[in-house]
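Under this note's numbering, the very last position in the sequence shown is 843; numbers go up by exactly one each time.
Here is the structure we will look at, set down as structure tokens.
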Amino acid sequence: MTFEAALRSAVGPEHVLIDPDLRASYERDWTGRFSGESRAVVRPATAGEVARVLEACTGARVPVVVQGGNTGLVGGGVPPAGPADNPPVLLVTTRLADLGEVSLAARQVTVGAGTTLAALAAHARAAGLDFGVDLAARESATAGGMVATNAGGIRVLRHGSMREQVAGVEAVLADGRIVSRLDGLAKDSTGYDIGHLLAGSEGTLAVLTRLRLRLVAAEPERAVAFVAVAGTSDAVDLLASILPKLPGLCAAELCFARGVELVARHLGIRPPLEGAGDAYVLVEVAGEVDPVDDLLAALASCPQVLDATVAASAADRARLWALREGHTEAISTLGVPVKLDVSVPVTRLAELAGRLPDAVAAAEPAADLLIFGHLAEANLHVNVLGAADTEGVTSAVLSLVASLGGSISSEHGVGRAKARWLGLSRSRAEIDVMRSVKAAFDPLGLLNPGVLLPAE
Ligand code: MLT
Ligand code: ZN
Numbered sequence: 388m389t390f391e392a393a394l395r396s397a398v399g400p401e402h403v404l405i406d407p408d409l410r411a412s413y414e415r416d417w418t419g420r421f422s423g424e425s426r427a428v429v430r431p432a433t434a435g436e437v438a439r440v441l442e443a444c445t446g447a448r449v450p451v452v453v454q455g456g457n458t459g460l461v462g463g464g465v466p467p468a469g470p471a472d473n474p475p476v477l478l479v480t481t482r483l484a485d486l487g488e489v490s491l492a493a494r495q496v497t498v499g500a501g502t503t504l505a506a507l508a509a510h511a512r513a514a515g516l517d518f519g520v521d522l523a524a525r526e527s528a529t530a531g532g533m534v535a536t537n538a539g540g541i542r543v544l545r546h547g548s549m550r551e552q553v554a555g556v557e558a559v560l561a562d563g564r565i566v567s568r569l570d571g572l573a574k575d576s577t578g579y580d581i582g583h584l585l586a587g588s589e590g591t592l593a594v595l596t597r598l599r600l601r602l603v604a605a606e607p608e609r610a611v612a613f614v615a616v617a618g619t620s621d622a623v624d625l626l627a628s629i630l631p632k633l634p635g636l637c638a639a640e641l642c643f644a645r646g647v648e649l650v651a652r653h654l655g656i657r658p659p660l661e662g663a664g665d666a667y668v669l670v671e672v673a674g675e676v677d678p679v680d681d682l683l684a685a686l687a688s689c690p691q692v693l694d695a696t697v698a699a700s701a702a703d704r705a706r707l708w709a710l711r712e713g714h715t716e717a718i719s720t721l722g723v724p725v726k727l728d729v730s731v732p733v734t735r736l737a738e739l740a741g742r743l744p745d746a747v748a749a750a751e752p753a754a755d756l757l758i759f760g761h762l763a764e765a766n767l768h769v770n771v772l773g774a775a776d777t778e779g780v781t782s783a784v785l786s787l788v789a790s791l792g793g794s795i796s797s798e799h800g801v802g803r804a805k806a807r808w809l810g811l812s813r814s815r816a817e818i819d820v821m822r823s824v825k826a827a828f829d830p831l832g833l834l835n836p837g838v839l840l841p842a843e
């Protein structure tokens, strides 16, 4: 049997895409920054089918790139650019989308790795619970991709990142063996936690097929405010002041005047609080009862507040959130940015925001810098438009972050985009251990080569 015939027999002929036109949308990431050619796009629907695909790839020594909803921002889910002697199979997980029954007693659910975040959250809400992680790409991002990148999003301050939601996984190893730990035991002290190890492994160790995920209490009442402050330092102080007063605080997002104006123009609305300050903090509080009075009282006690608008309705809340969540799309209308997702200790956030313009200008004098991010995790999304020297700008920003004791990837993963710079955030010994782990899971190095770990 030829290799292609083995793939067809594994998943059915209609789910092996060989025609370049049919492969094209999978082979390019949505930002347009990363693309590469695959041998075939393969869309399995069960762990057994994934196992047969991986067995075929291992037998033929064909690399495999794993893709969920193709919303990644670091090129980890598309084939490498340029001509390849041995192009990869692009294994797309979106058909692995089964939704298991919600366990109210355990507050957990088992879902297929290709389940979208929106479908997962709707499923949890239909059972009276909620899912703790939320992010702007919710309609397309998949649970498996989010675990693989240890995605964060807008509610990390309340519920943690994806790794914290993982109570178990089912995954297929490169040789086709299936490891399954989906019982979701509340206590289990039997050695290495494979599920937590796979969280953040970016498809380099195994292909996630099902996930046992923790759910959280539904908090139906919400209050959202958009607050103008003088700058990043005041935003940090504002958060420190409201945190102890608002136990239901579930989001604190940071934007700047330039980005908010851009998004407002893109949405065709007037920017709120125009001219009030250089930075804005979007604050959301959730609870069983309407938390708006608590939010107003907390903000009233903060000298950092220059001006604020508090949403009066669900539509208002959505409008304020659109100003924050619209950044990515609005920026992409100006061009294909170099996107860097970084975090520093919160005490260094103002310094980072203050030094970024000079660091970027030194590398690329004509480049345009836009930043926004997640205030509570001191996580900035650094977008640089018009940079001819992508590597130079990346080096400048990531070196600054490392010098401040930060991480070169806060929530997007390392992917292909930042593998070269992993040594800025991880020591030699750590990278050695990571390579040993990789070799134990994937001895032939077929899973997502070039992603996460730099070439030796
Ligand atoms: C966000 O927080 O909106 C996302 O991480 C997307 C991005 O950085 O563009
Ligand atoms: Zn983000």
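We treat Cβ as the ideally placed atom computed from N, Cα and C, and that holds for glycine.
Every value quoted in this text rests on a predicted model; they were computed, and no experiment measured them.
When DSSP labels each residue in this structure, what does residue i get in the three-state scheme?
{"i": "CYS444", "result": "helix"}
{"i": "GLN552", "result": "helix"}
{"i": "ALA508", "result": "helix"}
{"i": "ARG742", "result": "helix"}
{"i": "GLU391", "result": "helix"}
{"i": "SER396", "result": "helix"}
{"i": "GLY539", "result": "coil"}
{"i": "THR734", "result": "helix"}
{"i": "GLY571", "result": "coil"}
{"i": "GLY532", "result": "helix"}
{"i": "GLU843", "result": "coil"}
{"i": "ALA513", "result": "helix"}
{"i": "GLU589", "result": "coil"}
{"i": "GLU557", "result": "strand"}
Taking buried to mean at least 16 other C-beta atoms within 10 Å of its own C-beta, is residue i buried or exposed?
{"i": "THR720", "result": "exposed"}
{"i": "ILE656", "result": "exposed"}
{"i": "ARG339", "result": "Residue 339 is absent from the model: the chain starts at 388 and stops at 843."}
{"i": "PRO470", "result": "exposed"}
{"i": "LYS574", "result": "exposed"}
{"i": "ARG448", "result": "exposed"}
{"i": "LEU491", "result": "exposed"}
{"i": "GLU843", "result": "exposed"}
{"i": "ALA684", "result": "exposed"}
{"i": "ASN473", "result": "exposed"}
{"i": "ALA396", "result": "One detail in the question is off: residue 396 reads as Ser in this sequence, not Ala. Exposed."}
{"i": "THR389", "result": "exposed"}
{"i": "LEU409", "result": "exposed"}
{"i": "VAL820", "result": "exposed"}
{"i": "ALA699", "result": "exposed"}
{"i": "TYR667", "result": "buried"}
{"i": "VAL476", "result": "buried"}
{"i": "GLY582", "result": "buried"}
{"i": "GLU436", "result": "buried"}
{"i": "THR577", "result": "exposed"}
Could you check how far apart the C-beta atoms of residue i and residue j are, in whole angstroms? I think they sit under 8 Å.
{"i": "ALA717", "j": "VAL650", "result": "4 Å"}
{"i": "ALA754", "j": "LEU772", "result": "7 Å"}
{"i": "VAL733", "j": "LEU791", "result": "About 11 Å; that fails the 8 Å criterion."}
{"i": "ALA663", "j": "LEU693", "result": "5 Å"}
{"i": "HIS799", "j": "VAL461", "result": "5 Å"}
{"i": "VAL534", "j": "VAL559", "result": "With a Cβ gap of about 14 Å, VAL534 and VAL559 do not count as contacting."}
{"i": "VAL498", "j": "ASP485", "result": "7 Å"}
{"i": "PRO658", "j": "GLU648", "result": "5 Å"}
{"i": "HIS761", "j": "GLU640", "result": "6 Å"}
From what residue to what residue does the alpha helix (DSSP H) around residue i run?
{"i": "ILE565", "result": "Here ILE565 belongs to no alpha helix (DSSP H); instead the beta strand (DSSP E) covers 565 to 568."}
{"i": "THR715", "result": "714 to 719"}
{"i": "GLY487", "result": "Neither: GLY487 is in no alpha helix (DSSP H) and is coded neither H nor E."}
For the beta strand (DSSP E) holding residue i, just list the boundary residues, first then last.
{"i": "VAL668", "result": "666 to 674"}
{"i": "ARG599", "result": "594 to 601"}
{"i": "VAL679", "result": "No beta strand (DSSP E) holds VAL679; the alpha helix (DSSP H) holding it covers 679 to 687."}
{"i": "LEU582", "result": "A small fix is needed here, since residue 582 is Gly in this sequence, not Leu. Unbroken run through GLY582 is the alpha helix (DSSP H), 581 to 585; no beta strand (DSSP E)."}
{"i": "VAL498", "result": "495 to 499"}
{"i": "ASP694", "result": "694 to 697"}
Segments assigned alpha helix (DSSP H), at least 4 residues, entirely inside the region 606 to 653: 619 to 629
Ordered list of beta strand (DSSP E) runs contained in the region 749 to 829, each at least 3 residues: 755 to 761, 766 to 772
Continuous beta strand (DSSP E) assignments of at least 3 residues falling wholly in the region 411 to 485: 427 to 429, 451 to 454, 476 to 479
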